[in-house]
Amino acid sequence: MVALTGLLYLQTLTLSGATETGASVQSQGKTLAFSRQKGNCLSCHAIDGGELPGNIGPALVDLQLRYEDKAALRAQIWDASSAKPDTIMPPYGNHRILTGDEIDTIVEYIWSLHEQRR
Numbered sequence: 013m014v015a016l017t018g019l020l021y022l023q024t025l026t027l028s029g030a031t032e033t034g035a036s037v038q039s040q041g042k043t044l045a046f047s048r049q050k051g052n053c054l055s056c057h058a059i060d061g062g063e064l065p066g067n068i069g070p071a072l073v074d075l076q077l078r079y080e081d082k083a084a085l086r087a088q089i090w091d092a093s094s095a096k097p098d099t100i101m102p103p104y105g106n107h108r109i110l111t112g113d114e115i116d117t118i119v120e121y122i123w124s125l126h127e128q129r130r
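With positions in the sequence shown counted from 1, the corresponding number in this note's numbering is that position plus 12.
Quick look at the structure:
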C-alpha cells in the first residue's frame with residue numbers, strides 16, 4: 013500500500029509537469045531512508061537527524077571516502093552480498109524491497125550527506 017501511494021505521488025508530480033530539483037530528490041531520499049516501512053536504513057545505521065538509529069552498520073556519512081562512486085554505493089544497496097557474501101544487509105533490489113528508482117533516490121540523499129556536513 014505504501015509503495016502504491018508513493019508511486020501515485022511520483023506519477024502525479026510527473027503528470028503535473030513538475031521537475032525533480034536537487035532539494036526534492038534529497039527530501040524524498042531522506043523520507044525513504046528514514047521510513048520504517050521502506051528503506052529502514054536507521055535500523056542499522058546512524059544518519060544525521062535520525063531518531064533511534066542502529067549501530068550494526070557504519071554511520072552513513074562521508075560515503076565518498078568508502079565508495080568509488082554512486083554506482084558502487086547503489087550496488088551495495090541493491091545486493092550487498094555480491095561484494096560481501098556473509099553480510100546481514102538485506103538485498104533491497106534483488107528482493108524487491110525497494111524499486112530501482114527508490115534506491116537511486118536514497119543513493120542521492122545519502123551520497124550528499126558528506127556535502128551537507130561541511
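By construction, the Cβ of each residue, glycine as well, lies at the ideal position given by its N, Cα and C atoms.
Buried versus exposed call for residue i [16 or more other C-beta atoms within 10 Å across all chains shown]
| i | result |
| --- | --- |
| A84 | exposed |
| L77 | exposed |
| G34 | exposed |
| L64 | exposed |
| A45 | buried |
| K42 | buried |
| G51 | buried |
| H57 | buried |
| H107 | exposed |
| I100 | exposed |
Beta-carbon gap between residue i and residue j smaller than 7 Å
| i | j | result |
| --- | --- | --- |
| Y121 | Q38 | yes |
| D116 | G105 | no |
6 Å CB neighbourhood of residue i in its chain, flanking five on each side removed
| i | result |
| --- | --- |
| V119 | K82, L85, R86 |
| Y79 | L85 |
| L8 | There is simply no residue 8 to check, as the chain begins at 13 and stops at 130 in what is shown. |
| K96 | none |
| Q40 | T117 |
Own chain residues within Cβ distance below 7 Å of residue i, not counting five before or after
| i | result |
| --- | --- |
| S94 | A87 |
| P102 | I109 |
| S124 | Q38 |
| G62 | F46, L54 |
Rounded Cβ spacing between residue i and residue j (contact assumed at less than 8 Å)
| i | j | result |
| --- | --- | --- |
| G66 | L54 | 7 Å |
| I59 | L72 | 5 Å |
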